[in-house]
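Going by my numbering, the letters in the sequence shown line up with residues -5 to 228, in that order.
Yeah, the Cβ is synthetic: ideal placement off N, Cα and C, and Gly gets one too.
This report concerns only the one structure given below.
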Amino acid sequence: MSMIEIKNLHKSYEIGSSSLHVLKGIDFSVEDGELVAIMGSSGSGKSTLLNILGMLDTSDNGTYDLDKIRIANMNEKKAANYRNKFLGFVFQSFNLINYKNALENVALPLYYQGISRKDRQQTALNYLDKVGLKDWAEHLPSELSGGQKQRVAIARALASNPKVLLADEPTGALDSKTSMEVMALIQKINNEGKTILVVTHEHDIAKMCKRVVHLRDGVIVEDKKIKQNIIKNV
Ligand code: ADP
Ligand code: MG
-5 MSMIEIKNLH KSYEIGSSSL HVLKGIDFSV EDGELVAIMG SSGSGKSTLL
45 NILGMLDTSD NGTYDLDKIR IANMNEKKAA NYRNKFLGFV FQSFNLINYK
95 NALENVALPL YYQGISRKDR QQTALNYLDK VGLKDWAEHL PSELSGGQKQ
145 RVAIARALAS NPKVLLADEP TGALDSKTSM EVMALIQKIN NEGKTILVVT
195 HEHDIAKMCK RVVHLRDGVI VEDKKIKQNI IKNV
């Protein structure tokens, strides 16, 4: 079985008395170690799909298996537990805690896993080093550039060693040069074996992945492996 397997996934939003059918029968699977772009224009359902994959939301119909575990009708506590253990998240807006420094931001998820303070600090520092920000450990988010903030967010997502990294428009708030740096980091992490899904509406970003799944109006219209555009010298 694949790392991610979804079958006939449907999702509607109820708005007042009307219903908006956003995901209309999605079938797809992701193998361990893939780097997949979920492409599509604004409103095509990308974030809705990613939120369901990330167990931040539930589907109305269909099945979802993550690392052989059926994700369905799970109580919130159990879902939170799987979410912490299996999934790392990166968002367009970084979602760092403003009054905590880079090291504390990266260490925070480990606190919720009951890891000792000393080990949290050490692990967080290792991941900051991995994203090239060891010397910025004591800086607050407000003292970091957008690219540095996103690298801290990536370090935070990786710190709990998730099975899958989910990134929703990770370069959406960055200029093109900084976007390249962040995508180069994502490629590096993927080359080390991490399974990564990147939501984007930008063709250039999708081309840096190894497979592109194209969503249009809530259905997959194309799903193909591509020749990856490898970023060098950033
Ligand atoms: P994308 O990420 O591709 O831009 P989304 O998944 O965010 O698309 O949204 C798909 C559609 O669902 C849009 O029409 C959006 O307005 C609608 N939508 C998203 N979230 C909600 C919500 N919580 N309640 C109602 N409608 C929503
Ligand atoms: Mg979105």
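- In this model, Glu8 and Leu14 are separated by some 6 Å (Cα to Cα).
- Excluding its 5 nearest sequence neighbours in each direction, Leu102 has C-beta neighbours in its own chain below 8 Å: Ile91, Lys94, Arg150, listed in chain order.
- Along the region 70 to 131, the beta strand (DSSP E) occurs as fully enclosed runs of 3 or more residues at 81 to 85, listed in sequence order.
- Per DSSP, the unbroken alpha helix (DSSP H) holding Asp198 starts and ends at 197 to 200.
- Using a 10 angstroms sphere on the CB of Ser38, the tally of other CB atoms reaches 16 or more, which defines it as buried.
- Look at the beta carbons and you see the region 161 to 176 not touching the region 49 to 58: under three pairs across the two are nearer than 8 Å.
- By the rule of a C-beta closer than 5 Å to any heavy atom of the ligand ADP, the residues picked out are Tyr7, Val16, Ser36, Gly37, Ser38, Gly39, Lys40, Ser41, Thr42.
- Counting along the chain, Gly56 sits inside the beta strand (DSSP E) bounded by residues 55 to 60.
- Here the alpha carbon of Asn69 sits roughly 22 Å from the alpha carbon of Leu104.
- Distance from the CA atom of Lys143 to the CA atom of Glu25, rounded to whole angstroms, is 29 Å.
- For Met33, the enclosing beta strand (DSSP E) begins and ends at 29 to 33.
- Taking non-hydrogen atoms of the ligand MG into account, the C-beta of Glu196 is found less than 8 Å away from none of them.
- For Leu160, the three-state secondary structure derived from DSSP is strand.
- Here Gln107 is exposed, its C-beta having fewer than 16 other C-beta atoms within 10 Å.
- Looking at the backbone, the Cα of Gln222 and that of Ala131 are separated by about 32 Å.
- Bridge pairing for Val213: Arg210 [DSSP].
- Assignment of beta-bridge partners to Leu47 by DSSP yields no partner.
- Considering only Thr189, Arg145, Met202, Glu175, the residue with the shortest C-alpha distance to Asn227 is Glu175.
- Around the beta carbon of Asn89, fewer than 16 other beta carbons sit within 10 angstroms, so the residue counts as exposed.
- The Cβ-Cβ distance between Asn184 and Gly27 falls below 9 Å.
- Here DSSP, grouped into helix, strand and coil, assigns Ile20 to strand.
- In this structure, Lys5 lies near Ile46, with their beta-carbon atoms less than 9 Å apart.
- Between the C-alpha atoms of Asp54 and Lys62 there is a straight-line separation of about 20 Å.
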